[in-house]
Every structure is written in structure tokens, then in C-alpha cells.
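Protein sequences, first through last, are from chains A, B, C and D.
For the first sequence, position 293 (counting from the first letter as 1) is numbered 293 according to our numbering, and the numbering increases by one without interruption.
So the number in our numbering is just where the residue sits in the second sequence, counting from 1, plus 344.
So the number in our numbering is just where the residue sits in the third sequence, counting from 1, plus 688.
So the number in our numbering is just where the residue sits in the fourth sequence, counting from 1, plus 1032.
Glycine included, every Cβ here is placed at the ideal spot set by N, Cα and C.
Here is the structure we will look at, set down as C-alpha cells.
Number of protein chains: 4
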Amino acid sequence: MAVRAGILGATGAVGQRLIQLLEPHPEFEITALTASDASAGKTYKQAAKWRVDSPIPDDVAEMTVSATDPDAVPDDVDLLFSSLPSSVGEAVEPTFCEAGYVVSSNSSNSRMADDVPLVIPEVNAEHIDLLEVQRDERGWDGALVKNPNCSTITFVPTLAALAEFGLESVHVATLQAVSGAGYDGVTSMEIIDNAVPHIGSEEEKLETESRKLLGTFDGASLSHDDVEVAASCNRIPTIDGHLENVWIETESELTVEDAKAAMRDYPSLSLRSSPDQLIHVFDEPDRPQPRMDRTLGDGMAIAAGGLRESTFGLQYNCLAHNTIRGAAGASVLNGELLLENGYL
Amino acid sequence: MAVRAGILGATGAVGQRLIQLLEPHPEFEITALTASDASAGKTYKQAAKWRVDSPIPDDVAEMTVSATDPDAVPDDVDLLFSSLPSSVGEAVEPTFCEAGYVVSSNSSNSRMADDVPLVIPEVNAEHIDLLEVQRDERGWDGALVKNPNCSTITFVPTLAALAEFGLESVHVATLQAVSGAGYDGVTSMEIIDNAVPHIGSEEEKLETESRKLLGTFDGASLSHDDVEVAASCNRIPTIDGHLENVWIETESELTVEDAKAAMRDYPSLSLRSSPDQLIHVFDEPDRPQPRMDRTLGDGMAIAAGGLRESTFGLQYNCLAHNTIRGAAGASVLNGELLLENGYL
Amino acid sequence: MAVRAGILGATGAVGQRLIQLLEPHPEFEITALTASDASAGKTYKQAAKWRVDSPIPDDVAEMTVSATDPDAVPDDVDLLFSSLPSSVGEAVEPTFCEAGYVVSSNSSNSRMADDVPLVIPEVNAEHIDLLEVQRDERGWDGALVKNPNCSTITFVPTLAALAEFGLESVHVATLQAVSGAGYDGVTSMEIIDNAVPHIGSEEEKLETESRKLLGTFDGASLSHDDVEVAASCNRIPTIDGHLENVWIETESELTVEDAKAAMRDYPSLSLRSSPDQLIHVFDEPDRPQPRMDRTLGDGMAIAAGGLRESTFGLQYNCLAHNTIRGAAGASVLNGELLLENGYL
Amino acid sequence: MAVRAGILGATGAVGQRLIQLLEPHPEFEITALTASDASAGKTYKQAAKWRVDSPIPDDVAEMTVSATDPDAVPDDVDLLFSSLPSSVGEAVEPTFCEAGYVVSSNSSNSRMADDVPLVIPEVNAEHIDLLEVQRDERGWDGALVKNPNCSTITFVPTLAALAEFGLESVHVATLQAVSGAGYDGVTSMEIIDNAVPHIGSEEEKLETESRKLLGTFDGASLSHDDVEVAASCNRIPTIDGHLENVWIETESELTVEDAKAAMRDYPSLSLRSSPDQLIHVFDEPDRPQPRMDRTLGDGMAIAAGGLRESTFGLQYNCLAHNTIRGAAGASVLNGELLLENGYL
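This is the structure in C-alpha cells:
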């Protein structure tokens, strides 16, 4: 029997991707959609400017949108996916959790909170049990789990694959697609024949979220990893797919061949949305590329390539689909993890 | 009286920029144009597919193109600018120098040769006197001076400005415009809605040319600087302007304010093509941007911005117009330096 | 002595271009800048997000922005340029005219009003005297003159040049740059790797404004031309420069050579912003192109090319810089016409 | 039992799409691949620079490429798909047909020959029987069928749907994607922030192929339709999907609602690659758009929208995926028609 799923912030770019991913999903069934008060009461078709490249599902089109409020959401919901703007998420996600809802959220608020698990299932599934600490501390019947920022998700799996060599330092430069800023986030005048070497707060997210994701949960509290990360973030004229240049220094010697093997052998999970191969490693020096490789593993794989011995250690490039693996798909995957681990 | 200037490889993208820059130049007069044998004997207008955004000068349009051969070039030439493909440059530049021509070359061949000065005048003008060593060793009446690769020119002036703090290590990621590959270098299918994390040999150029440029010439030989540089190069869908993310670690403590001051105070030269302000430093975090800032100082300035304390040291972004400051303008500037220093 | 000029709506995309054009203009001096109430009282530098590709002039940067209200504007103003959103223009332009101001407006409101001259000086300068009718009818001391829509300006000069052959029908398809919609008008998600075959009300503007521009003013009233025009408008991923495909049928036979001659011979004016050659005709079949040809005549020329005998008559392509010739430059040119004709 | 299919010109952009479409096709099995002599003897993986957005099928990767010569092609081939450059197609397609091969060709050579059927199955399937005339006249055991140019395929189905109203005249402006020129056909310097209002011979193809497609085959010879068509062709910075603006005049009155109904009701076929709905009609005025709508019907549907009463008749926009419906998919569909009609 399918888990009844609602979507908080269903009309935005990530909300639309969530609908696209959940609609054919065998384990989840969409039963609630929320948006701003201005949209409440409208059909989804009226409320949303549909923008993804498959038609809006017929039954979703006719669903009535609710306000984003625990009192307004229909009763038949087991799990909420949240793609709210972070300021809204900050305000309302706790009210849903307090009202007993389990929330798998893509919003950036509370990601670094001590008792909120920040999870990429293939990397740190065991952090999910921080939810027990959360429930104890907050007295919630519900629960709040977060997935990281899209640019963080792109490179952390490759770091996890290399962690056995002892990560010491990481430099990462990102070339990020415009969809990461939402539908209206980047104007065409800003980005055509251009690049913008700044995305607000993004560098800090890569630097801090990565350490939390690679950290250790001892059943009571979470220690962040001590790898030092420096990030530089750029927006480029690409629709989907974040490309990242990474340099790492490790305690143990790390050859190109060892790194490729570690990435290829890094296990995926049997969750429905996990790709068969988590990290797809290219031998061609000019791959991965956003338009060519963002849909590997239905947009849920990480692509890596360009591995070479750098002046300082190893350098390589990695890529992920920012609105699937990096946002909507990440939240769905966390929903699957919640289901498997008995939180629903 | 104007220096009579020829252009080797005049029909290519950099050759066209050379014409655009030399035509109004008060010190140089275009007297010879060469191209491949297939173009020899044609008017320039017939031989070249003109692509820069100002009309082809009338007198240049009607000039007859010569083969790229010392015997074919008209006699009335004091200085040759070379924008040949490197394989051609490798073969023919020495024959011109041996025949007595002074060559200011943008081609990548011989840049790292011990007796070939690699010069950005504002950075290492004194290296030009390596030409005396060159003439002694090679028995040339002519001379060969090189400007660095476009992506090298973009960040080396900022390193030079910070050298007083003791450069230890540099990581640099580049976001390079398509014009850097020449007119036919990047197909539209390769780059629209995409980025390519690889440019053949480019990373090595940044890593090695930067050390030569920052090195010391003692009148007899050149020592390369020992700063360690690691580069990662990307092509993005931008017409002109290379943007670079830089992280540096220095021996002395380096604050953001000290770095800004050092860059702003770094002197330009009084050569005609040198900009009034060599390094333009932005306080806005999202600048420089290629389309907005590539024409600063008529395309000859370096733009910097986004300075912040990084996890490891300082990080910032820099930008230069790759076909002006990074190629044609760099060769013209070296021509001006040759003139000022009595090599013509 | 310079005409003292104010700009209504000075912070928008066209307002910025107006500043860029007026600042070095020998006949006009910027003495007032207005914007929305939220910006009133700020310096221009604080109020505007400056986006054009030359730095903001120092003196303009420090000017104080006024509210867009006749009572708020400084007294020392002889002429107002208006680049207000049309809904705002509709409301406030008449109040300025009533208060005695002469307004040269780019806003789309009132363009088709019987007593408002719609002028491209090289095409229908004589329509400017409709202002006397306007003043009579409205009892204004001021006056209101309009320039047409950017896409209208692009093709009407070519029609005017061919009018002697008896225009019967015109089909025109436009490929319009994103800057035509203002800085925030087109999101990057809408247009990268895409085209949008619809621009609200644009087709009607081409179809009706062209007939007014080609009409006849008899000193008392204006008759519209009876040429029939059908337009289809598209937005494409280009920054500046509207390209248009035109098919025309004429009463008299019209050969390609006759059409080229008529366009080349069509006179420009001696107004300061008029280009030496109004219509630049290319013989190459693949020109004009936006990025290559939009800056002809400092952005004030019309480029035409691709003339060929069509199945039905003649077909050709034309191009103009939409924010210079098509907007800010058009308003400045009308200001120059007002000055020459004694309306200031 | 599957039809054994070879691909002439298998390494190019259309050849790659053919592989992508044929590999999962239940009725066809790829048994031969040809390319230039330089590639003969290599594995396909070595010979082709694979560029489409799904991985190269494993078994195809290891196939040996033959020269494009009847003597070099393996024996076990029932049907050849041809995506040769037209100059090569002109020379070699007849030699294959003479050698007994049935060829479904996308190459532009011979499309207008009197005895060569030019077919869009949903539009003029009955023209396929012109092959009997062809075999008689040429004495071939094989046969040659052509699909039209990509830009022709995009608008002809909409004309066919409206033919009952009596087509008199058609104006069509195209906005064509770069993939239509093949992988290397359009450089990035040509098209980023630009548009090119010329594609060699393309306008003539739309004007003449459309009349042949809409013509009548009486069992002995083919009469072309007498609708008059004028085309203007543009290349824009879009990867896939040709968008076209169409104006038509008809003998009978044609309302927007009648036109929509005629398009929606126009029948598709039961061939495997025919879409369920041939023409998808949008009511939204800003659709179809290339990136949003090119994959309708797995890239085999035609999208139409923006229907409105024009100054002269009806105007609308249409769109098709140029390398699927407009090229590789068109050839596969003709292969299916050949199979159904007993030509294999």
C-alpha cells in the first residue's frame, strides 16, 4: 500500500520535479499539495506555471492546492516533501513536525542544526537515527530530515569514496546551472554570454555541509569530519547539471587508478531511487559534461572524470543533475530511507 | 615614423584582432600579411572570413596576402606579429628570426625555451633582455619574444601584485570563453547548455608559464619562481573573457584589505597599450563578470573581485579579455616594449 | 548652452542606456533622474542596479533620484526623456505635459493616439508638427512625442525606403533579443536552448505603428498608410539586436538591385544621433547578424541583407540595436528633432 | 523475425540518432555500419565520436565499420538507412540500389527526382508506390525512398491537415536548431548571442519539397501541388527543435477553431514510430517552444500553437524535433512503411 505523500511548496521548480518523480513512484502516492496563501483553493493547474519537460500529470493538474499550514493540509498524508523557500521553511516546517508530520526537506533552513539529520543515503544513511534524538529533544511526533544543497551533493559522494585514504584538504570550484536558482532566479540578461562568480551563501554550504555529511553519529550525537574544504562558486549559462572541479590532498598516497577504483566500487543502495552505479567514472579526459551526462542513472548518478595527479595531490571533476540528484530526487530518496527504516 | 609591422597568420581569429588593434595604432603600420599557401596571392578580403565586430579596414582589405615564408614576405617590415598555429610557429618562426626578423609571437611553441623571453610587460619587462642571450646563442639577427597563454595572462598579474607576501601555493580554476580556441575551435553542439572540463595542455601552461613569468633574470639566465600552481580548466558558453577562481597561500599573513591595496597599487606601464589601471578591483562580490567587465581598459585591464579569507588563505576571482589582453593585445604590447627597449 | 534633460524611469534598462547616451552628448545635460517612490531620495548609485557595459558616470552616480511626479522634479529641466513602464507612463506623462514639460517618450502608452506624433526622424520628421494640434486640443504648454516599439523601428525604415514602389503587403517575422523585455523580463530558464514564439501585444504594435509612421500629416490631421502588415514575433537567446525577416509585395515591379539602391540611397538626417548611412545593405547572404552588426553607426544604423526575389515579391532581412536605435537612442533622436524644430 | 538493417554514414550526427532509435526497435536489427574509407575496419566505438545523450549500445560499439560501398557491406542486410552527406549520397546511393538494396535515405540528393518518392508516411504514404515506376525505369532490384528536409517535415503535416480548406499561399520563417547542421556544422563563435539569417539552399527545400509532398500520385506519375510557398530560414542558438512561423491563405474561410480541429483530427498511422497524436495543438499562445516541446511523442509528434487570424488569413507556429522527426526518425518511419507495404 502506497505511502501518502504531500508536497510543501508544490508550485516551484523543485516542487514540479517532485511531482514528476513521485507521480510514477510505486511506493508513494501524491495526496496533498501546498503553496502560498494566494494559490490556496486553486487547482494545481491554475496555481502552477508548469515548466518541466514532461506534461503535468492529469490527476495532479486537478488537485486542489492547500495553504502551507498544518491545519489546511488534508488528513490522509503520511509523509511531506518540502521544497519551501528557506525563510518559509524555517517558520513552518517545525509546526508540521510538531503536528506529527514526517518531513523530508530540501529547504536550506536547519540543515546544520545539531539534531537534524542531513542525509545522502548512499553516504551516511546511519545518520537518519539522529531522528530519535530529535524527537526526544523536541518532543515531536513528527520528524525533520534534510538533504544537502545541490552543489554539496555533487561532490560529497566522491569524497566519501576516497575517505579511506584520509581526507585532509579539499578545494572545489563549481560551475552551476541556472535551474539551481529556481525558475526566476537568474535572468537571461545576467547569464547569456556571461558567468557570475558568486552565489549567495553557497560556498559556506559546501564547506560546512560536507563536514557534517562525512561526520560520525555515535547514537547520541554527531561529530563533523575535520576535512578542510574551500569552495568557490560560479553560475554559468547551463540549464541543468552542476559541474565541479575538485582538488584533494590525502594522508595516504592516492593514485589515479586507486581513486577510480574506489569511486567505481563505492556501493549504491537498494533504495528505489538509488542508481545501480552510484559514481560513474569516465576515462575520457573531457567528461563529465552537463548536457551529455546529467541524466546518467535517471539523473540520480554522480559522474566523475578527469582524474589526474595534481601539483598537490589528486584532482578530478564531478557532475550531478542539480534538480534531480541535487534536490527533488534527494528528498524522494530520503523519503525512501525513512520508509525502509520504519519512520513512516 | 611608424614601425612597419607584418602579421604571420593574419586570417585567423587572433590575426583579425591584431589588425583591429594595429590599424589605428600610432606607432605601428601594417605592411605585410601572411597566411597559408592556399591564401597566398589573394587579397586579404578574399582570404579571410572577417569575424570581429568592427568592419575590416579598407586598406587592409585590399592588401595581398603572402605565404608564411621569409622569402615571400615584403621587404619593408621591421617587426612581425605571429599568431600562427603552434605547429606552424614551431617550424617557421626560427626561420624568420634567422632571416633577421624580430618576432612578437602569441603562438604557444617555444614559450618555455630557456633563451626565449616570455613577457607580460607590466609583470616582467626586464626579461626582454634575455634576447641578448638568445641572439648570442642562436646567432640570430632577429629575435623571438613570446607572450603567455591567455589563461595564464589572466591571473599572473594578480600573483605578481601579491608576490611581496611570499607566494607558496596557488589553485586556479578557469572558466574560459570559446574565442580562446579560435574561430572553429569549439562547435556549438559542444558548448550550448554545456561546459567542457578539459582544454588540451591548458592546465600545464598555467602551471609552468606562471613560474617562468614570476622568475628572475640575472642578465645571464632565468630562474623560475618556485610557487606551486595547480590548475583546472573549463570551457563555458561565453564569447570573450576568461574568468578564473584563485586560492593562494602566502608566507606572510595576507588580509583582504592588504590584497586589494596591493592589486590596486600594482603599477601599470606607460606603454601605449597598457591600461591606466592595470588591475581593477571590485568590491561587489559578484564581479568581475565576462560580459560586463571584459572591455575594461579597452580590453587590456585585469579585473579582480570576490576577495575573501578562505579556509586556507585568500581566495578571489579575476578576469581578462582573452583575445585582447590574452592574445593580440599582449603581442602588440610586447611589440611596444621591443620598440621602447631598442630592439627595433 | 546645453538643454537640461531629465529622465523619467532612470533606473531601468532603457533608463541606463539613456544615461549612457546622454552623458557624453554635447547638446544635452542630465539634470534630473526619477524612479519609483521607493527609490526617491537615494543617490542614483544606490537606486539603480547598473547593467550596461560602460561604468556608471561619476556625476550621475551621485545625483539624487526624485519621485516620478511633476512636483518632485527639479526646476532646471527643459526636456524629459521617459522610459517608464507603460502603465505608469499612461498615468503620469500627461501630468508632466500639463505642467509644461516637453516629453520624448519610449513608453508604449498613447503611441496610437490621434494627436500624439509617433516619430522616427529619418522616416517622418514632419509628423512632429502634430504637436501643435496636440497643444491646441489638450491645452498643454508641454508636449508629448513618442518613438515606436523597438521591433517596429527595425523594419519601418526599410519600408520607407521602398515606399516609392507602392507597398501593398508586408509579412514580418521577428527574432528579438532578451534586452527588449527589460533587465528582468526574460528568465534564463525560459530562453537558454529555447525560443519563445510569443511576445505580448508585440505583433499588434508592428502591424499598427508601421501604418501610422508611414502615414501622411496634412497640417491638421494624420492619415495612416494602408499597407497591410502581418507580424509574428519570437524571443531568442540573444542579448541585443532584433533581427527580422521581411516579405513585401509592391505595386510596381521591384528588383533586388532596385531595392538595394533605394535602401542605400535613403537619406539620413544631420541630427547628431543620426548615422551617416541610415540603412547599411549587405551583399553577403548571411548578414546582418545581431552580434556582428548591431553596433553599426554606434547602434543607430539599420542593417539589411539577404535580399532576394521571393515566390511572391521581395524578401530580405533587417536588424537594429533594440535598446539604442530601438529605444534610448530613438528617444534621444526625437529630443534632437524637438530641439531643431524649436519645441524646446 | 527482425529486418536486418544497415546504416550508411553511421558515424555522423544523424547516424548516431539512427543507432539510438534502431537499437531498441523490435522490427529492425542493426547488422551493418558504414562510414568513410578512413574509418573502415575500425570498431564503431573507435570510428565515431559519440554525441547523443544516451550511452552507445554495447554491441554496436564493438561492430566493425565497413566502407560505404556495396562490395564492402556485409551480406545479411535487408534495408539500408542512409544519412550520407548529399554529395556522397548522390554518388553511392544508386550503386546500392542497383546492387539490390532498398535504401531509406535522409540525404538531400535526388529528393526532387521524378521517380523518387519523397515521403512523410502520415501525409503521403501512397507515394511509396512510385517505387514501382522507379524500378521499371531504372531496372533496379533495390529501391530508393527519401524523407524530406528537417525544416520541411516540421510544417508540411500542418499544411496537409488544412489542405481541405484549399491552400493558396504560405509564408514560413524558420528558427532552426544547430543540430540540423550536423555536429560540426555551426561553430560556437557563429551562434552564441547571435542568429544567422541564412542556411544554404534551405529556403528552396521548403518551397519545393512541400509541393511534392502535397502532390498527387496517380499510379503512374506524380503531380506537385500548386500551393505557393515562400520561406525565410534562420539558425538560432538552440540545440534541437526547429520552430516555424507560418501564415497561410486558403480558398475557403478558415477560422482558428476550424484549424485547431483539423490539426487535432488529422490522423496518425499505426506504424510503430508514428505518434499516437500526430499534431499536438497548444491553446497557450507562447507554445510550442523547442526545449519544452521537442520530445512530444518521443520526438515524433508535430507541435502547433499560436493560431490566430492574421491580417491576411491564418497564422500559427509549429515545431518538430529536427534530428528525430526531421531526420533519423523520419527515415526509420519510412523503413516501417516499406516493411508494411511489402518492399522488404
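With 8 Å set as the bound, which would you pick, yes or no: does the beta-carbon of residue i sit closer than that to a beta-carbon of chain D?
i, result
"H968 (chain C)", "no"
"W935 (chain C)", "yes"
"M396 (chain B)", "Note that residue 396 (chain B) is Val in the sequence shown here, rather than Met. No, because no Cβ of chain D sits closer than 8 Å to the Cβ of V396 (chain B)."
"G870 (chain C)", "no"
"S920 (chain C)", "yes"
Between residue i and the rest of its own chain, which residues show a CB-CB distance below 7 Å, the 5 nearest in sequence each way excluded?
i, result
"G788 (chain C)", "D829, G830"
"R135 (chain A)", "A143"
Within 8 Å (strictly less), CB to CB, does residue i reach chain C?
i, result
"T439 (chain B)", "no"
"T387 (chain B)", "no"
"L1207 (chain D)", "yes"
"T531 (chain B)", "no"
Here's a check: name, in chain order, each residue in its chain whose Cβ is nearer than 6 Å to the Cβ of residue i, leaving out the five neighbours to either side.
i, result
"E572 (chain B)", "S513"
"E29 (chain A)", "A2, R4"
"H280 (chain A)", "L296, A301, A303"
"L423 (chain B)", "V347, A349, V446, G679, L688"
"L1246 (chain D)", "D1257"
Nearest chain B C-beta to residue i closer than 8 Å, yes or no?
i, result
"I1231 (chain D)", "no"
"I1224 (chain D)", "yes"
Would you mind giving the Cβ-Cβ distance between residue i and residue j, rounded to the nearest angstrom? I have them listed as a contact below 8 Å.
i, j, result
"N1226 (chain D)", "T926 (chain C)", "6 Å"
"P1229 (chain D)", "L931 (chain C)", "6 Å"
"E1094 (chain D)", "K1077 (chain D)", "7 Å"
"I880 (chain C)", "V178 (chain A)", "7 Å"
"S82 (chain A)", "L8 (chain A)", "4 Å"
"L677 (chain B)", "S617 (chain B)", "5 Å"
"E209 (chain A)", "P148 (chain A)", "5 Å"
"D584 (chain B)", "P619 (chain B)", "Actually they are not in contact, since the Cβ atoms of D584 (chain B) and P619 (chain B) sit about 16 Å apart, beyond 8 Å."
Are any of the Cβ atoms in chain A nearer than 8 Å to that of residue i?
i, result
"H515 (chain B)", "yes"
"I927 (chain C)", "yes"
"P634 (chain B)", "yes"
"T699 (chain C)", "no"
With a threshold of 7 Å (Cβ to nearest heavy atom), would residue i be considered close to the ligand ADP?
i, result
"A1362 (chain D)", "The ligand ADP is not among the ligands present in this structure, which contains no ligands whatsoever."
Could you name the residues of the same chain whose beta carbon sits closer than 8 Å to that of residue i, not counting the 5 residues immediately before and after it, in chain order?
i, result
"Y527 (chain B)", "G356, A357, K393, R395"
(message) Check whether the region 373–384 of chain B and the region 448–458 of chain B touch, using three or more Cβ-Cβ pairs below 8 Å as the test.
(response) no
(request) Would you mind listing the alpha helix (DSSP H) stretches within the region 894–938 of chain C that are 4+ residues and don't spill past its ends, in chain order? (result) none
(message) Tell me whether the region 1196–1215 of chain D and the region 1257–1268 of chain D touch, counting them as touching only if at least three CB pairs, one residue from each stretch, are closer than 8 Å.
(response) yes
(message) If contact is defined by three or more beta carbon pairs under 8 Å, each pair taking one atom from either stretch, is the region 322–340 of chain A in contact with the region 7–17 of chain A?
(response) yes
(message) Would the region 259–278 of chain A count as touching the region 150–167 of chain A if we require 3 or more Cβ pairs under 8 Å?
(response) yes
(message) Taking 8 Å as the cut-off, does the region 36–49 of chain A touch the region 66–74 of chain A (at least 3 CB pairs, one atom from each stretch)?
(response) yes
(request) Could you pull out every unbroken beta strand (DSSP E) segment of at least 3 residues lying fully inside the region 1122–1184 of chain D, listed in chain order? (result) 1134–1137, 1175–1178
(request) Give a yes or no on contact between the region 267–277 of chain A and the region 113–128 of chain A, applying the rule of three or more CB pairs nearer than 8 Å. (result) yes
(request) Let me know the beta strand (DSSP E) ranges lying completely inside the region 61–88 of chain A, each 3 residues or longer, listed in chain order. (result) 79–82
(message) With a threshold of 8 Å, are at least 3 pairs of Cβ atoms found where one atom belongs to the region 588–603 of chain B and the other to the region 654–661 of chain B?
(response) yes
(request) Taking only runs that begin and end inside the region 976–1024 of chain C, name each unbroken alpha helix (DSSP H) of 4 or more residues, in chain order. (result) 978–981
(request) With a floor of 4 residues, list each alpha helix (DSSP H) that falls wholly inside the region 250–282 of chain A, ordered by position along the chain. (result) 256–265
(request) Ignoring anything shorter than 3 residues or poking outside the region 837–884 of chain C, list the beta strand (DSSP E) runs there in chain order. (result) 855–864
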